[in-house]
Structures are given as structure tokens and as C-alpha cells.
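As C-alpha cells, the structure follows; a few thoughts come after it.
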Amino acid sequence: MTVAPQLATLPLTGAQQGLLVVHRTVPVPHLYNVVAELELDPELTHDHLGTALTAVLAVQPALRLAVRERPTPHATLGTVPDQAPLHTEATGTAHFAARRAELLAELGATVFDLAQAPLLKAVLLHTDDRSRATLLLVVHHLVFDGFSLRQFVRDLDAALRGDLDTERVRTARERALHRELAAQVAAADGDDVEQAAAGLAERLRAVPATVLNPRPGRPAGTGFTGARHEIRLAPEKSRALDDLCSALGVSPFVFFSAAYAALLARHSANTSVVFGTPVMARRTLGSFDLCGFFVNTLPLVVDVRWDQRFDTFVKETVQAEADRVRSNAAVSFDRIVRHADPDRTTNRNPVFSCMLAMQDATGAEPGSPVRRVREHGNGTAKFDLWLGVTPGPDGWLLELEHDRELLPEPLAHALADSLTTLLARAVEHPGTVLADLFADAPLADSHAHDGYWRRPPHPGLHRWVHAAMTRRPGAIAVEEDGRSLTYGELDALVRSAAAGLARRGAGPGTVVGLTTPTLVDTVVAVLATLARRAVFLPLDLTLPADRLAYMTEKAGCRLVIGRGPVDGTEVVTLPELTAAGGQDGPDPSPHGEGSAEDGVYIMFTSGSTGRPKGVLMDNGPLVNLTAWQLDALEMGEDTRFLQYAPLGFDVSFQEILPTLIAGGTLVSREPADRRDLPAVLARVRAHRVSHVYLPVAALRPFTRAAQDSGDDLPHLRYLCVSGEQLLLDDGIRRFFADRPHIRLVNLYGPTETHAVTTHRLTADTQPWPSHVPIGHPITHVSAHVVDATGHLAPRGVPGELHLGGACPAQGYVNDAQRTGERFLHDPRAGQDGARMYRTGDQVLRDEHGTLLFLGRDDDQVKIRGYRVELGELETAAAAHPGVRLTVAAVLGDGADRQLILFFVPEAGSAAQPDDVRRHVAGAVPGYMVPSRIFAIDSVPTTRNGKVDRTALLKEAGQAIREEADRSGTGAVTTTDDPLQAWLQELWGKLLGRTDVPLDRSLLAYGAHSLNVMTARAAIEEEHGVQIPVLDFFRDPTIRAQAAWISTARGGQ
Amino acid sequence: MNRTDDVTDGEIISVIRRHVRVPFESHSLLAEAGLDSLSVLRIASELIPDPDQEIDPTGLAAVRTVGDLRQWLHGLLSSTAAEGLRSSVESVR
């Protein structure tokens, strides 16, 4: 019998069409190769096996399918080949293993021409002495799902034994394939499938994307290289797992789905996770004998509540979701994508990046010439993380395949560790709550500090600085405009002031307010306070009077040095304080050395909500910080540190005390205004400053001023920044590249701990990242990252930063309640009384153990589930040559949230929002491309100098509403351009409408990946150019496609 | 229930018994009886030799207990019978 004519051309199922789209989108042509290995009876000859393999191709019509894309995607069924594509090779016993590995790699990398059947290749490798033989096989996924291997092996076994009635079976199977495809096509057109797809899409839109290793700067695309980790459950553990499934009344799939959901929830820091699973979509009983691609990959959406018991979680939450997925087996992936409208501008899977696949046990029959069967990876990763679960005679085999770019090896190890622990705990104690299925990551990361430290000769700051003051009395301690103060003079003034304080009753623990007008006065007052073991409280007279009153009252401050008035306090000027002398008197420091617990200062944090909190910082942490800084910033008598920070900002401590302790010189910023960075730069240059410490926001203007003036700043060695996330742009990079003698040090630390982690960039560090890490803790500080399960987070897992060791302040002054909430016992320090501070900051350790700052717990910007850093978007947009300033903001709530970008054009620039959008779209992932961009004349600011996003958003919202009122009239639908008109007609036909505008997203008019494929084919036929799928999705308008075609044709 | 149904039910139970090696009740969960989706399909294939017989995955997803399975197989068998009746009517025409 010949192939029936109606069988020659076959439809593709929705699943096949979807796979074809993905295959065309990814840059790796061998990504969808299925690689299998069949250990064979070594006596088998090439001819015997070849004949059997040919018989299998005869009885498995799917293995004779080729796929063609024009005019519309379809399959063609080929005739049975005379010879199966089998190559046979012999090798010495000693080289068998190596040659096998080589052949597996070669076969795995096979690039099939989809239009040429069969989409299969096989190699028989045997040893010269016929002691071993193995059949290595590669088949394209388009014609072969996981279940197919079982049928393949069964037929091969029958053919090798001579039990296969090839002709009869071939006819029946071709008919069965035909019936199955007809059933699938009919089912796919049902309204119920459409409704199910819409329902699934709705669930998907409601949950954030499950992103593992959610670090800033995570690559948007990937090269799809993968590696596998194997976890074998011991036989007794496997039996216990099976028994537990029976007892709970769930299938192993439900059990492993639960485990995987918990694993993903921990490692993505989400409480809802999404992962895909292949669901068998075979519809006719006859199809179960067929090879073919009859699976739909469907998403599971699982809510993970950390306090829920595992057994309840499995039986209720996960079982319900598994039932839902199975009942949706007929829904193809592509249909879900059409409804969910996810971000499709990367080459990643648009709906889920993690997958769980239950693999079939493909056991060989006793006495069969096929002795053992297994599947292999091919060094690729289709997903960020894939978990394959296979039952075997000795127990469960778990394989974790990970994308090596997106999940570097240490992170994959951490995932495997978590999975192993959680499976063991779940099986042993199924009543365990989900959070407790996990364990602490190694404590060593918490203590991995940067190692800089210079041993302090004194336990207290006062003795230490006093020793420096007397060491070189003639050296300059403080340099102000037109005035210099030697250490000797400073020492005398400090003694007088301390004596003055003593006369006013200020002793250990007394809070002394400072409103001193000059740097010299400030330094004297600070050191005098230290000498009295009193506590200084910086007071900024520009603050509202009631705020000052609150601060002094809360801190218990009755005495102020400097200017006044300050309500409720006695204010004395420094000259008044020192007037009675004391220069020649004894050292006025009371009660000996002082202790680590002595308070040094109180600084009020501004606090975005509620009343400000006064942080009482004591000697211990500050001595440690100084010991670190002297070494880390190479400070000595030649150090010339600019005093830039306001005294009420804790950075001022790092400028003043370590410099004096090192015997260096403190250089006043004044008369330069703090905001006038060119003037600050001039002062740095003129005074040969070696160390500058700026707020992050001042770095760009400072470096730009230097670039503009062409100043090399030969004396500057350290440029430190802190205060917010440091994002580097090319301008800043150029400044440092031109001045390799300057090191950039990024410091992080809340007022409650002072600076505690640092990351340095030097000329040798390449490349300089855009999002600069906060690095490693300083010596004697421990940095615990605590994840949502309450355990130390493995690398790559976000968590809250808890800071212990030599850094937590005493607490909030006179506020036991708030102190108790934030300053806690450190359970991991291994000693009583050890304390730590809960920062409320989300951080993540990268694969190298370096800390990255993610944001405040309460201040996360998430768009469609992706963490978005507004600063990163602003930096990307500001790199457009026609853009001077940018502000990004979020409009709307919940699922309606959208990113808005405002920009101020450079003078004389004609940059349009569309130009900026194209520029941004080329620089950031799709979900970060703002939905609207507005040009503005200037950036409005609030009273305290911050960008007024609320005002901008109000105007943007108004503009959007007005536009919506005019909707339908704004889009351009007519054109004189023949190429645009041709595209308009093409899309009109594909979308079944005549009003397709030139400049609106075609996705909004019904375009989806399948008709995009058809449009691409038509464009290629007509114009000879192929628009990459990703480029289409980056800007899905007719105007953009016309531009693309014109450019591509021009380049030909 | 007529006589044909009795015979059918007997067949169904005996095929299920061949695939389940532990004691089970009508309310036993498939997982407790050691039945996975593949063994369910094998049972269906044994009962219905017609390779064109379609399975609705939505209906199959609702099968949780051995009793559900019996019910589901009954449904399949009666749709096969109806199909057979229709073909014979068509051939008479």
C-alpha cells in the first residue's frame, strides 16, 4: 500500500506551531533536540539494527514528517526511506566512554533542516571486542515528545526480535496519526479551549513573574547554555516518598510540584510562583502507540504560604492546581500567550522561566536486545531552571538543568542543596510548615568581610585622637578659608572647651547640642564633647523650630554649643565656652579611658513616615569603623580629607575623626556651596585634597565638572560615595578611566549601624558595572541576609539585611519600643548579648558572595512582576544625546501600574518621545520600557529639594485621560508610502480588519506569534529580508516594520 | 440498569483489578490504588479496542477515585456504543 494522498500534507497542532515560533526566536538551532541513549545487545550488527530502525521509521509516521513554513506552517509526510540514518562506529574498550561522550555532544548539537525528513539521526557505537554497544539518538522535539521514547523503544525491540508486522502496523499508525491530528485540530477550535486559555491567562497576569536570581543587571537574553545536576534519592527514601504520596492520596507529580513550588518561592523571593509542565494532549486511544509531539506545556500557578503545613499544601493547594492544569490539557501554549500578552522582547520563554517535567520510566523488558534507556541533556537550557523527575528501579532520579548565564554554577548548587533538604524534611515530617523545610545557607558568607583593619591603640575615640593631637603639635589639623589650625592649637582649644563643658555639668552621657558655625568650631566642640564622654547632637538651625524642639526634648538635650536660639536649651558660643581657659589645666577628660558603650553622638534619621528617630551611636562601632577606614582608605599624615557632609549626616564622622586620628588635615568645603559642584571641585584641586566623600547624587555633577575643566586631580586618591544606590554611566566611567589614580569606593550603611559594607572599583577592576554592588562587610561586622523563610539566604536569593558584630548602635534614644523592634538578639553570633540591626533593606548576594542592594522592603517598584529600578531607566534614557534630565515614575496601582518617563531635552535638541523610546528600548528589557514618555521643560521639586514625581504624574494622568477621550481619532491609518501601504494590506488580511493604523501596536489589534510568523514569511517572499521575531516584538508597528525593511534592503 | 450495563460493569471491574494489585474500594483514590494516568489509559485501551476512540482530558482530569474511573469508563463505552449504533444506521441507509 502507498501513502494515502490525503496524508501527504498534515496540519500542525497548536503545540507544534508554538514550538516552531520559539524555535525561530531563539539563536540556538539545536535547543529542541531530544537526545537519548539505548544500551544494546553488543552482538547486534549494523545491518540488523539498520533494518530494524528502518522498520521503526515505517511504523512511526511522525518520524517521517518534515515541517514547512510557507505559505502557512504545515507538515508533510515522507515515504519510508530505504535506509535509516544510522552510522556505526567501533572503538577500543579503553576509549569507549570518551568516544561516547564526544558523539553525544556531536549529536546533541545537530542542526536539523526542518524541511528534510527524517528529523532523526542515530549512531551505533560498539567496542571492537563486542563487549559493549550503545545506540545514540537525536530527534527533533517537533516530532518527538517525552512519551514517544517508550513507543520508539517498544517498536525497535519488536523489530529487532522480528515481531513487527511492518506493513500492517504502518497503515494503522498512519491512520491513527491522521485521526489524532484531526481530533486535536477540532478540539483546539472549541469555545471551551478559548475560555480556558483566557482563564489561565488571567491567573498568570495576576501573579508576578517567577524570576530566579532576581539581581539588578540580570541579562535579559541568554545564549541558552545549560548544565545538569543529578540528585538520586536512595531506595529507602524513594520508598518513603511513594508511601507518603499514597497516604496523602496524591500522585508523585503533585508531590514534586509542591516541592518545586516551595523551592522556586524561596529562590525567587515570591509567595506566588509560576512554572510550566508538559501535559499529555493525546486525544485518541490509538495515539498512545505513536511517536509525535502531543504535549501542551501549561503553567501552574501556586500560592506558597510559608506558615502552611507541607501535607496540607500538597493535598489542598497543589492538588487543586494540578487538577486545573490537567483539565486544560487541550490548551496550547501559544493560545495562552495570546491572552496573557506577556513581555516578549527577550529570547526567554514569555510565560514561565521554570519547568517541571515528570519523565517516563522507560524500563527495558527482560531479555530484550534493548537493555537500558536514558535521556541526556545536550548542553543547552530551554528554561532558567528545569527539573526532570524520573522513576527508576532504584528510586527517584531528579535532574536540575540550569541556564549557565542566568543561574551561575554556585546558584545552581544552592538550588540543588535546597531541593535535597526540603525533600528529605518533607518526607520525614510532612507536617512541617513550608518555611521550615529549608535550612540556613553557610554562615561563612555572613562573616566574609573585606579584611581591612589597623589595630586601634586605644579602646576609646578620645584617647586615640588625643594621642594624634599631641604627636605632631605643629602640623595642620584643620584648614579653613584663610585660617589654619595646628594640632597644638586644636588641643588647647579642646581642653578649654572641655573645661567649659565640665563647669556646665556636662559629663558622661550628657547630650550636648551643636549648632557651631565653622568647621574649626565644630571640630573643637566635637572633640571637647568626646573628652567629657558626653554625647554630641548635631542641630541644623534651618530645620523648623518644632522639629528642633522635638529632637532636643527626645534626646534630653539642655545645653547647646554654637548659635541659637534653640527652644528649651541653654546656648553658649564656643568663645564663651572656652573663655574661662583651661588650656594649661590638667586633661579634663573624666573617669579614665571610657568604654565601648559610651555614647558618641545622636543623629536623627529623617524617616519618611512618622516622627524622626534619634540614633544613639557609641564608641565600639565607631572605633571599629575608624580602624577599618585608616587601612581601607590608606589614611596617614599626608591625608587631606574634604569636609563636605553636614554634621547631621553620619558621613561627617568618617571625614573628621579618622583624618585627625591619622594625623592628616581636614579641609573645609566652604566657602563653596555644597550644591555647586564645580566650586567644590575647584576647592579640591586648590587644596590638593586626597580624599572626598560625596553623596551619590553629587558624583555625576562632580565628575562632569572635572571632565569639563579637564582637571586631572593628581592629588585625589579616594572618591567615596554613599546614600543611595550608585548607578554608573559612561560619563562617570570616563572620569575614572582618564584618572586611574583615583579609586571609587561605594559605601552602604544605615545611620543605625554607620557604614558597614563597601565595594571598591579601581582601574584594574573591569568592567565597571552599571549597578554598583554594596560589596562586603567591613572587618568585625557580620552581614546576614535573611530570606522569607527566616533562614540565611543562599547566594542569588533576596532577603533582608541584618547587621551584627561591631556595628549596631545602642538604639533609638529614649524609645525602647522602636529599639526593641529593630535591634534584636543575633542568634547566629554564638554568644549571649550579641545584637544585630534589622535594616529593612532587601539585598542579595551574587554568585561571588558580593552584596547587591535591591531596595527598601516598603519601596519596591514592580511592573508586571518584574523588579524595576527607576534609576536604571533614568540612566538609560539620559544616555540619549538629546536628553539632559530624566525622571521615571510609576502611574496607577496593581495590574494597571505603568512606567512613565519624563525628560528635559538638551538646549537646542529636537529629541522627540519616540526617539527616546527607541533609544531606551534598545538599552533595557521590555518590561522596563516606559509605556508613555513625556517631554517637559523642567523638573519640578518639592520643598526639600527632591524631585516632585507626584506633580509630574498628575499632569501625565491628565494628558492620558484627555487622549483616551479622543481615542480612535489619534491613530494614523492612511499613507502614501507604498511599503507601508503594502504592510497595511498584509496585516489587514491577517487580522481581518481594514483599520490597522501605522503607529499603534499590532498586538492590540490581534497580532500574535503565529500570524507574525506568517507575516515574516510573506515579507521575506516579497522583499527578500527576514525581520527577527524579537525585533518585531520590540516595536510591533507597521511604521517600524517598514523602517526595518527599508534599512535591511538598503544594506543588501 | 439493564443487562448490558451489568455485563459492562463486570468487565470494567475485572480490567481494573488486573491493573491494581492492592485492595481497593470504590472511594479509594487512584493514587492509593497505585494507578497513574498511563495505567488509566491502558485500562481504557483494553476495554475499547477502537483506536479512534477519543478521550476528553477535562473529563479525565475529574477522575480522582476508582469509582470515578468506573463511571468515566462507562461513559466512554456508551459513547462507543452510540457511535456503533450510528454507523449501523448509516450503513442501512
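Line by line, the protein sequences are chains B and D.
Numbering-wise (full-length UniProt numbering), the first sequence opens with residue 1 and increments by one.
Numbering-wise (full-length UniProt numbering), the second sequence opens with residue 1 and increments by one.
Just so you know, even glycine gets a beta-carbon here, dropped at the ideal spot from N, CA and C.
Assigned exposure category for residue i - 16 Cβ within 10 Å defines buried
i	result
alanine 910/B	exposed
alanine 889/B	buried
threonine 626/B	buried
glutamine 53/D	buried
histidine 140/B	buried
valine 121/B	Sequence inspection shows lysine at residue 121/B; the valine mentioned does not correspond to that position. When all chains shown are included, lysine 121/B counts as buried.
proline 57/D	buried
threonine 79/B	exposed
glycine 814/B	The sequence as given places asparagine at residue 814/B; glycine does not occur at that position. Under this definition asparagine 814/B is an exposed residue.
glutamine 116/B	exposed
aspartate 826/B	buried
arginine 372/B	exposed
glycine 146/B	buried
glycine 367/B	exposed
glycine 833/B	exposed
alanine 66/B	buried
aspartate 128/B	exposed
alanine 579/B	exposed
Close-in-space but distant-in-sequence residues of the same chain around residue i (CB under 7 Å, 5 per side omitted)
i	result
valine 331/B	Val193, Ala196, Ala197, Leu200, Asn296 and Leu298
glycine 67/D	Ser26 and His27
leucine 677/B	Ala698, Pro701, Phe702 and Ala705
threonine 789/B	Arg266, Trp306, Ala435 and Phe438
leucine 76/D	Ala44, Ile48 and Gln53
threonine 72/B	Thr1014
Close Cβ partners of residue i (< 6 Å) along its chain, the five nearest in sequence each way excluded
i	result
tyrosine 748/B	Thr757 and Ile774
leucine 49/B	Leu124
arginine 338/B	His1008
valine 228/B	Reading off the sequence shown, one finds arginine at residue 228/B, where the question assumed valine. Contacts found: Gly377, Glu399 and Glu401.
asparagine 213/B	Leu407, Leu411 and Gly796
phenylalanine 604/B	Met551, Pro612 and Gly614
Residue i Cβ short of 8 Å to the ligand SAM heavy atom set
i	result
alanine 265/B	Among the components modelled here there is no ligand, and therefore nothing to report on the ligand SAM.
Contact set for residue i: own chain, Cβ-Cβ below 8 Å, skip 5 residues either direction
i	result
alanine 8/B	Thr76 and Leu77
serine 60/D	In the sequence on display, residue 60/D carries leucine and not serine. Around leucine 60/D: Ser37, Val40 and Trp72.
leucine 990/B	Ala1007, Asn1011, Thr1014 and Ala1015
**Request:** Examine the Cβ distances between the region 241-249 of chain B and the region 417-431 of chain B and report whether three or more of them are shorter than 8 Å.
**Result:** yes
**Message:** For the region 34-47 of chain B against the region 972-984 of chain B, do three or more pairs of beta-carbon atoms, one drawn from each stretch, fall closer than 8 Å, so that the two count as touching?
**Reply:** no
**Request:** Output, in sequence order along the chain, the residues in the region 176-194 of chain B whose CB is closer than 7 Å to any CB in chain D.
**Result:** Ala176, Arg179 and Ala183
**Message:** Give me the subset of the region 266-286 of chain B whose CB atoms are less than 9 Å from a CB atom of chain D, sorted by chain position.
**Reply:** Val279, Met280, Ala281, Arg282, Arg283, Thr284, Leu285 and Gly286
**Message:** Is it the case that the region 410-418 of chain B contacts the region 780-798 of chain B, given that we only count it when at least three CB pairs across the two stretches are under 8 Å?
**Reply:** yes
**Message:** Please give me, in chain order, every unbroken run of the beta strand (DSSP E) with length at least 3 that falls completely inside the region 677-728 of chain B.
**Reply:** 691-695 and 718-722
**Message:** Under 8 Å, CB to CB, which of the residues in the region 907-933 of chain B have a partner in chain D?
**Reply:** none
**Message:** Tell me whether the region 526-546 of chain B and the region 457-475 of chain B touch, counting them as touching only if at least three CB pairs, one residue from each stretch, are closer than 8 Å.
**Reply:** yes
**Request:** Kindly provide the ranges of any alpha helix (DSSP H) runs that are 4 or more residues long and lie completely inside the region 719-790 of chain B, ordered along the chain.
**Result:** 730-738
**Prompt:** Listed in chain order, which residues of the region 38-62 of chain D have Cβ atoms closer than 9 Å to some Cβ of chain B?
**Reply:** Leu38, Leu41, Arg42, Ala44, Ser45, Ile48, Pro49, Asp50, Pro51, Asp52, Gln53, Glu54, Ile55, Asp56, Pro57, Thr58, Gly59, Leu60, Ala61 and Ala62
**Request:** Specify whether the region 59-69 of chain B and the region 136-154 of chain B touch according to this definition: at least 3 beta carbon pairs, one from each stretch, less than 8 Å apart.
**Result:** yes
**Request:** Scan the region 318-335 of chain B for residues whose Cβ lies nearer than 7 Å to a Cβ of chain D and list them as they occur along the chain.
**Result:** Asp323, Arg326, Ser327, Ala329 and Ala330
**Chain-ordered residues of the region 243-268 of chain B with a beta carbon less than 9 Å from chain D** = From the region 243-268 of chain B, only Cys245, Ser246, Ala247, Leu248, Gly249, Val250, Ser251, Pro252, Phe253 and Val254 have a Cβ closer than 9 Å to chain D.
**Request:** Please confirm if the region 273-282 of chain B is in contact with the region 309-319 of chain B, defined as three or more CB-CB distances below 8 Å between the two stretches.
**Result:** no
**Request:** For the region 445-506 of chain B, list the alpha helix (DSSP H) runs that are entirely contained and at least 4 residues long, ordered along the chain.
**Result:** 461-471 and 487-503
**Message:** Below 8 Å, how does it come out for the region 547-557 of chain B and the region 683-693 of chain B: are there three or more Cβ pairs, yes or no?
**Reply:** The region 547-557 of chain B vs the region 683-693 of chain B: no contact.
**Request:** Go through the region 37-73 of chain D residue by residue and report every complete run of the alpha helix (DSSP H) that reaches 4 residues or more, in order.
**Result:** 37-47 and 57-61
**Message:** Output needed in chain order: residues of the region 16-36 of chain D with a Cβ under 7 Å from some Cβ in chain B.
**Reply:** Cβ proximity to chain B below 7 Å picks out Leu29, Ala31, Glu32 and Asp36 from the region 16-36 of chain D.
**Message:** Could you tell me which whole beta strand (DSSP E) segments of length 3 or greater appear in the region 590-660 of chain B?
**Reply:** 599-605, 613-618 and 640-643
**Interface residues of the region 126-157 of chain B facing chain D [CB-CB below 8 Å]** = Of all residues in the region 126-157 of chain B, none has a Cβ within less than 8 Å of some Cβ in chain D.
**Prompt:** Taking three-plus beta-carbon pairs below 8 Å as touching, is the region 662-669 of chain B in contact with the region 635-645 of chain B?
**Reply:** yes
**Request:** Quick one: which unbroken alpha helix (DSSP H) runs of 4-plus residues sit fully inside the UniProt domain "Carrier" (974-1049) of chain B? Chain order, please.
**Result:** 978-991, 1009-1023 and 1029-1034
**Prompt:** How do the region 761-768 of chain B and the region 806-822 of chain B stand: do at least 3 beta-carbon pairs fall below 8 Å, yes or no?
**Reply:** Under the 8 Å Cβ criterion, the region 761-768 of chain B does not count as touching the region 806-822 of chain B, having fewer than three qualifying pairs.
**Request:** Determine which residues of the region 284-311 of chain B have a Cβ less than 7 Å from any Cβ of chain D, and write them out in chain order.
**Result:** Thr284, Leu285, Gly286 and Phe288
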